[in-house]
Amino acid sequence: MRRILFSILFVLYLTGTTFAYTPNEKDIIAIDAVTKKVEAIISKGTSRAKFIRALETLKEKQAKNERISYLVSAVIEHLQATDNTTYVVTSVTDGDTIKVIRNSETKTIRIIGIDTPEKYSTRTGYEECYGREASEFATKALSGQTITIETDPTQDTIDKYGRTLGHIFLSGGVYYEALAIREGYGFNYVYKVPNKYDNQLKSAEDEAKKNVVGVWKYCEGKRKPVEKSGNETTTKPSVQNILTIPSIITPIIGSFSCSIKKNYCTEMNSCEEARYYLNSCGINSLDRDKDTVPCESLCK
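In the numbering used here, the protein residues as written are 545 to 844.
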């Protein structure tokens with residue numbers, strides 16, 4: 545196990561540098577130190593999500609040690625980039641929160657990039673405009689469905705409430721967040737920094753505004769209490785019909801697609817492709833030195 549971990553970390557280290565670079569003694573010591581720390585975390589038999597969270601804690605503690613911090617970041621990004629897992633939806637809390645199960649493992653998912661009105665908010669103490677409709681839509685679209693949960697390297701893995709954060713894709717690659725926002729059941733939501741599909745979600749929201757549907761028709765595009773004197777009944781589009789709309793599918797620009805998983809410079813065929821995966825898909829492992837230029841060997 546130790547030899548395998550050391551090899552993985554060594555490769556991850558080289559991935560972020562030029563291939564002509566020869567690690568010095570301090571680099572080897574740093575790789576060895578991280579290997580020991582990762583071994584210690586694995587030995588506790590923790591789940592993948594908790595493993596990533598433990599690595600994030602380790603990264604914070606080692607912030608002053610650039611080599612170790614860099615290596616831990618590389619491991620986290622690698623795990624997040626490959627953590628696309630299929631689950632079955634067991635229940636829908638509201639339009640942006642669901643519960644799922646896989647192999648007897650259950651978890652609560654806070655869906656990235658969308659904020660929907662609530663049926664009842666414990667924070668405000670009232671039902672929000674279009675909250676009931678948003679929850680009904682999510683229930684019809686997601687309940688009992690087999691979905692893919694895609695993590696996002698631009699976002700946290702778990703929020704402060706212990707919920708797993710992820711993008712949701714239905715069968716056929718239908719992107720749930722864009723689907724719900726386009727039909728007016730929620731708003732494009734940015735937490736701290738834009739997520740990797742933010743441009744697509746902005747477009748979906750712009751279309752909802754243009755067509756004046758959902759929250760843009762009945763709630764003036766705002767989070768507000770239900771007006772009891774108003775007409776709370778709305779005509780909702782058929783979920784079955786919506787799910788066939790091809791433009792909701794995972795973003796594709798030219799010949800590149802975020803649905804085709806590429807996480808390393810060695811997988812890129814051109815600078816254009818590298819820039820696409822960095823800027824449109826949020827694959828930060830392509831820009832190790834954080835200078836906004838991906839894969840220096842291609843983008844000279």
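Note that the Cβ used here is the ideal one computed from N, Cα and C, for glycine as well.
| Item | Value |
| --- | --- |
| Distance CB(G544)-CB(N755) smaller than 7 Å | The requested residue 544 is not part of the displayed model; the chain covers only 545 to 844. |
| Cβ-based burial, N828 [other Cβ within 10 Å; buried from 16] | buried |
| Exposed unless 16 or more other CB atoms sit within 10 angstroms - verdict on G831 | It is worth fixing the name first, because residue 831 is Asp in this sequence and not Gly. By the 10 Å Cβ count, D831 comes out buried. |
| S613 (DSSP reduced to helix, strand or coil) | helix |
| Beta-carbon proximity list for E751, same chain, < 6 Å, skipping 5 on both sides | R726 |
| CB of I693 within 7 Å of CB of G717, strictly | no |
| In DSSP terms, what P769 is bridged to | E672 |
| Whole-angstrom distance between Y808 and S635, CA atom to CA atom | 36 Å |
| Simplified DSSP state of S635, which is helix, strand or coil | strand |
| Spatially closest choice to V632 from F713, L615, Q606, T810, by CA coordinates | F713 |
| Helix, strand or coil at G710 [DSSP, three-state] | strand |
| Pick from K684, Y719, R819 that is closest to Y741, judged by C-alpha positions | Y719 |
| CB contact flag (A678, G639, <7 Å) | yes |
| Three-state secondary structure (DSSP) of S720 | Strictly speaking, residue 720 in this sequence is Tyr, with Ser absent from that position. Reduced to three states, the DSSP call for Y720 is helix. |
| N-terminal and C-terminal residue of the beta strand (DSSP E) that T654 is part of | The question names Thr, but residue 654 is Arg in the sequence shown. Taken as a continuous stretch (DSSP letters only), the beta strand (DSSP E) holding R654 covers 649-655. |
| Straight-line gap, L787 to L723 (C-alpha atoms, nearest Å) | Interpretation of L787 is limited by its pLDDT of 48, a score under 50 that renders its predicted location unreliable; the figure taken from the coordinates is listed afterwards. The alpha-carbon atoms of L787 and L723 are separated by roughly 8 Å. |
| Contact under 7 Å by Cβ, V757 with Y674 | no |
| Own chain partners of T708 with C-beta closer than 8 Å, once the 5 adjacent residues on each side are dropped | A593, K651, T652, I653, R654, I693, T701, I702 |
| Collapsed DSSP secondary structure at Y735 in the structure displayed | strand |
| Burial state of T537 (16 or more Cβ within 10 Å) | Because the chain spans 545 through 844 in this model, residue 537 falls outside it and cannot be assessed. |
| Nearest-angstrom Cβ-Cβ length linking E600 and I620, presumed shorter than 8 Å | 6 Å |
| Helix, strand or coil at E816 according to DSSP, with G and I counted as helix | helix |
| Which residues DSSP lists as bridging T641, in chain order | D638, R654 |
| Proximal residues to Q689 (C-beta, below 8 Å), its chain only, five neighbours per side dropped | V632, V633, L714, S715 |
| Collapsed DSSP secondary structure at R726 in the structure displayed | helix |
| From E604, I642, F731, residue whose alpha carbon lies closest to that of K691 | Correcting the residue type first, residue 691 is Ile in the shown sequence and not Lys. Checked all of E604, I642, F731; the closest Cα to I691 is I642. |
| Start and end residues, alpha helix (DSSP H) containing V757 | First-last for V757: undefined, no H or E at that position. |
| Contact under 7 Å by Cβ, F731 with D659 | yes |
| Exposure of Y664, with buried meaning 16 or more beta-carbon neighbours within 10 Å | exposed |
| Y670 burial status per 10 Å Cβ neighbour count (16 or more: buried) | exposed |
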